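**Q**
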Amino acid sequence: MPTTTIADATPATSGRWPVPEERRMVTVLFVDIVGSTALVTRLDPEDVRTLQRAYFDTVGEVLRRWHGVVEKYIGDAVMALFGARDSDGFDAYRAVRAGLEIQRALDRRALAGGPRLRVRIGVATGEAVVDLAGARDGGHGAASGAVITTAARLQEYAPPGGVALCAATHRATAGLVEQRRVPPVALGGTASPVDVWHATALVRPAPVRHDGPFLGRRREMAAARDQIVRAVRDRRPRWVSLVGPAGSGRSRLLHELSRSVATVDAVAVRWCVARCLPYPDHPLAPVAELVRGFAGLRATDPPAWVRRRLGTALAALVPPERLPAAVSTLARLVVRPDGADPADAGLAGAAALWRELLLALAARQPVVVAVDDVDRAAPEVTGFLRALLAAATDGRLPLAVVTAHRPQWAEPLPEPSAPVDLRPLGPVDSGRLLRHLLRRAGRPVALADRLLPLVGGSPGHAAAYVRSLVEGADNAADLPVPEPVRRAVDARLDRLDGDQRAALMAVASRAAACPAPTVDRLLDWAPGRARPVLRSLVALGLLATRPSGGYAVAEAVVRQVAYARLPRAVRAEFARRAAAAPRPGPAPVPAARPAPVDAAQPAALHTTRPAPLQAALAAPVRALQPAPVHTTQAAAAHAAPPPNPAPARPPVGAPARRPSTPTPLTGRRPTGRPAPTAFAPATSRRSTSTPAPTAATPPPVTAHLPAGLRTAPTPNPATGRPAGERDRPSPPARPSRPRVVPLRSPGPSTQRPHAGDPRNGCRAFAKAAGDAGGEVRWRAARFRDGAAVGGAAGAGRGSTPSVRAPARAAA
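Every position in the sequence shown, counted from 1, becomes a number in our numbering once 158 is added.
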């Protein structure tokens, strides 16, 4: 009789899933009486009624004890569902256990003083559409699918007193149930024969082999090992818990720990390891396994051999006068704990005796007691471990307790405790593990790239996917979710309450990130109801936030399973609601406020610049830039230095006076040192505008300026040119090949008011007219204070602004 349940099987208590139906993986059990037609023919109707009541009561009691739901009674047949409402990952195992127990309760036994009955049982696992509201005892028509017909046909091919299993049920219970394969049978309506197995009894699973590479757990390994070593060295017992979801490698880490911490300071450490099986028959079964491991026994050893081995193992711990009684007490716990009465006081005394023996062993050498999958254990097992740790703490013994369990285990740990969290493997370690598994299975290593997003950093999922490839899957791109992974994810989803499951499936139905208002719209919720639910799913690691503000399923396999559980009608309704939702358009860009621009400023300078620089350059730019006219006169005008907007410039040869006000470009007082100027490019040969004037009749420098800005230039008596222009002949014509002309300092006669202190790193301001065919290339100027300006002011110390210009035909 099972007395414990797995923590994952606890149903959600708040807020059921609002969608009335789901596509679920269920296990169907079908029971029928052998020869029922002949039996009811020869019995009186009242006797038939009495027999049926006793038969239905016996079957129903066993099914409810194993968390099955009686879907319907058909004559003398009973149909039950496992995993219809809440799955714990062991639905098929519970169904097979229920079938074996029904056979023990009914086979060849007389009920209510009637004839002896024999029954056949068929168990099948597959997908079905389940009405969640009707998935209760007597909920007729709660499930629909081919799996129901398969279970009914299988029981017809089961032997009297036997339990027939389909292939999916066989794979789900392999290693937990002893099975015998029979020849394939042709079920009614099937195109090909179906493989069938007969379940005969329960078996204790063999120890798990860990022969693959141990990857990505060095940090967790070091943390757990350090805690165990400290407990042994300091003689301060502590509880070390390895916490991780199914498939994260908890058992492998525990195995590697037992190998790594074999000695501490050259003293051998005694490890006592037990594993909690799902739904043990007796709550102290893990304690019995600890005794077996200590004495080197197996579950199938006969009683005589058990007593002999126990006497040898306990001789060093128990005085001779107490040895026979101790051996007899522990043998009672070891020989047959399964099926024993849980209220047997002798088994509780055996557990207390074993606790005293462990403390006596810890007084001789360090001891580590480890229990794997402790979240499946009964409260009696955790109570045993707590009492052991407390007694060892009082005696300051070198002892440590190590447990491995899932994050959902709600049992509080005693102090001092040290939890070690097993996080998903990284992409590099997951890829290495996949390549190793594929290479060992004889599959192409290139499939690791396709499997990597599906594995999600879980070593167990990686092994399941590779195993599914070996069993017949050809293409990893179309690979379905393996059955072990599907069971684990289903159990993970069923631990959620109704609102969380609904929100997760709604997000899984959308390919892109789904914001909270969209989830409200898909589920027809009030605005704002989905946001706290989505945040709780993020805290559980099922959802992840995206930069856009939406939510997405964190793992690809969880999204696959969640979406697969939605019926087609619900998927279509979600798509319709999403399409009918108003699509938010792009956010309007506010129009930039236009800056005031001088009418005489060219369009090429109507650009956005930093405010301080634009203000500093405003005065010289207005004075320099001509109107955009394509004439050679404008080009010649640009070749001359700009007029000074301050008082008129002194004539050539006059000593330059130092201004008393700072320049607009640098904000500093100029020193009187001449500033460089630029030779502007002449008109390109491709220009078809007004012919260029000769050197004897140059155009006035300020001819292009507005009337209010014109100043009377002072002519040079020797050349007749305005003061400030170079007194040299025009250069000869050259080919129109662009070249870089550096800016040079022409002398005091061309000094401009913005030629500032050379300490500021500013050299010159150069500008060439675009209408003259020249192309200006500015070098980035970096001032001494760290501010960098590109294409605006002069270059820093050691660099020279330059002008890319074609050859000039005339000055």
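Quick reminder that beta carbons are idealized off the backbone N, C-alpha and C, glycines included.
On a predicted model such as this, the values are computed, not experimentally measured, just so you know.
Helix, strand or coil: which one does DSSP assign to R598?
**A** It is helical.
**Q** Just verifying my parser: in three-state terms, what is the DSSP assignment at L698?
**A** It is coil, neither helix nor strand.
**Q** Based on Cα-Cα distance, which residue from G370, P203, V186 and P363 lies nearest to R598?
**A** Selected option, being the one with the closest Cα: G370.
**Q** Under a Cβ-count criterion, where at least 16 other Cβ atoms within 10 Å of its own Cβ denotes burial, should I260 be classed as buried or exposed?
**A** Buried, because 16 or more other Cβ atoms sit within 10 Å of the Cβ of I260.
**Q** Compute the distance between the beta-carbons of A157 and R465, then report whether it is under 9 Å.
**A** Since the first residue of the chain shown is 159 and the last is 969, residue 157 is not available in this structure.
**Q** Decide if P685 is buried, meaning its Cβ has at least 16 other Cβ atoms within 10 Å, or exposed.
**A** Exposed, by the Cβ-count rule.
**Q** Straight-line CA distance for L595 to A604?
**A** When rounded, the distance between both Cα atoms is 12 Å.
**Q** I'd like to know if the region 525-542 and the region 553-565 are in contact, where contact means that at least 3 CB-CB pairs between them fall below 8 Å.
**A** Touching, per the Cβ criterion.
**Q** Which same chain residues, not among the five before or five after V647, have their C-beta less than 7 Å away from its C-beta?
**A** So the list reads V715, V716 and V719, once near-sequence residues are dropped.
**Q** Can you list the beta strand (DSSP E) stretches of 3 or more residues lying completely in the region 387-468, in chain order?
**A** Taking only runs of at least 3 residues, the beta strand (DSSP E) segments lying wholly in the region 387-468 are 396-401 and 428-433.
**Q** Candidates P351, L516, P477 and W463: which alpha carbon is nearest V492's?
**A** Checking every option, the nearest Cα to that of V492 belongs to W463.
**Q** Should V398 go down as buried or exposed, given a rule of 16 or more other Cβ atoms within 10 Å for buried?
**A** By the neighbour-count rule (16 or more Cβ atoms within 10 Å), V398 is buried.
**Q** Rounding to the nearest angstrom, what Cα-Cα distance links V189 and T195 in this structure?
**A** Cα to Cα, the separation comes out at about 15 Å.
**Q** At the level of alpha carbons, what is the spacing between L373 and D384?
**A** Cα to Cα, L373 sits roughly 19 Å from D384.
**Q** Around the C-beta of A389, are 16 or more other C-beta atoms found within 10 angstroms, so that it is buried, or is it exposed?
**A** Buried, by the Cβ-count rule.
**Q** Kindly list the residues whose CB is nearer than 7 Å to the CB of A521, restricted to its own chain and excluding five residues on each side of it in sequence; keep chain order.
**A** Excluding sequence neighbours, A521 sits near L555.
**Q** Would you kindly report the start and end of the unbroken alpha helix (DSSP H) that includes V539?
**A** Its alpha helix (DSSP H) spans residues P537 to D552.
**Q** Note down the Cα distance separating T161 from W224, rounded to an integer number of angstroms.
**A** Confidence in T161 is poor, its pLDDT being 40 and thus under 50, which makes the residue's placement unreliable; the coordinate value appears in the next sentence. So the two alpha carbons sit approximately 10 Å from each other.
**Q** Would you mind stating whether Y213 and L264 have Cβ atoms separated by less than 9 Å?
**A** It is a contact, given that the beta carbons lie within the stated cut-off.
**Q** In terms of residue numbering, what span does the beta strand (DSSP E) encompassing A263 cover?
**A** Segment D249 to L264 is the alpha helix (DSSP H) holding A263; no beta strand (DSSP E) there.
**Q** By the three-class DSSP mapping on this structure, what secondary structure does R274 have?
**A** Strand.
**Q** How is F240 classed by DSSP in three states: helix, strand or coil?
**A** Strand.
**Q** Nearest to R367 by CA position, among A332, L345, H413 and P351, is which residue?
**A** Among A332, L345, H413 and P351, the Cα nearest to that of R367 is on H413.
**Q** Smallest Cα separation from E573: which of R544, L692 and R653?
**A** Checking every option, the nearest Cα to that of E573 belongs to R544.
**Q** Figure out for me which residue from L312, A344 and A674 has the closest Cα to the Cα of A357.
**A** For the residues L312, A344 and A674, the minimum Cα distance to A357 belongs to L312.
**Q** Measure the C-alpha to C-alpha separation of P178 and E229 and round it to an integer number of angstroms.
**A** Rounded to the nearest angstrom, the two C-alpha atoms are 17 Å apart.
**Q** Can you tell me whether H619 is helix, strand or coil according to DSSP?
**A** Helix, per DSSP.
**Q** Just to confirm the assignment, what range does the alpha helix (DSSP H) spanning F188 have?
**A** No alpha helix (DSSP H) contains F188, which is instead part of the beta strand (DSSP E) from E179 to I191.
**Q** Do the CB positions of G618 and P585 come within less than 9 Å of each other?
**A** Cβ distance not < 9 Å, so G618 and P585 don't count as in contact.
**Q** So is I232 buried or exposed if we call it buried at 16+ other beta carbons inside 10 Å?
**A** Looking at its Cβ environment, which holds fewer than 16 other Cβ atoms inside 10 Å, I232 is exposed.
**Q** With DSSP as the reference, identify every bridge partner of L221, one or two as the case may be.
**A** In DSSP, L221 forms no bridge with anything.
**Q** Which residues mark the beginning and the end of the alpha helix (DSSP H) in which D246 is found?
**A** From DSSP, D246 is part of no alpha helix (DSSP H); its letter is neither H nor E.
**Q** How many Å lie between Y721 and S667 at the Cα?
**A** The alpha-carbon atoms of Y721 and S667 are separated by roughly 6 Å.
**Q** Counting only the same chain and skipping the five closest in sequence on each side, list residues whose C-beta sits under 6 Å from that of I306.
**A** Cβ neighbours of I306 beyond the five flanking positions: V186.
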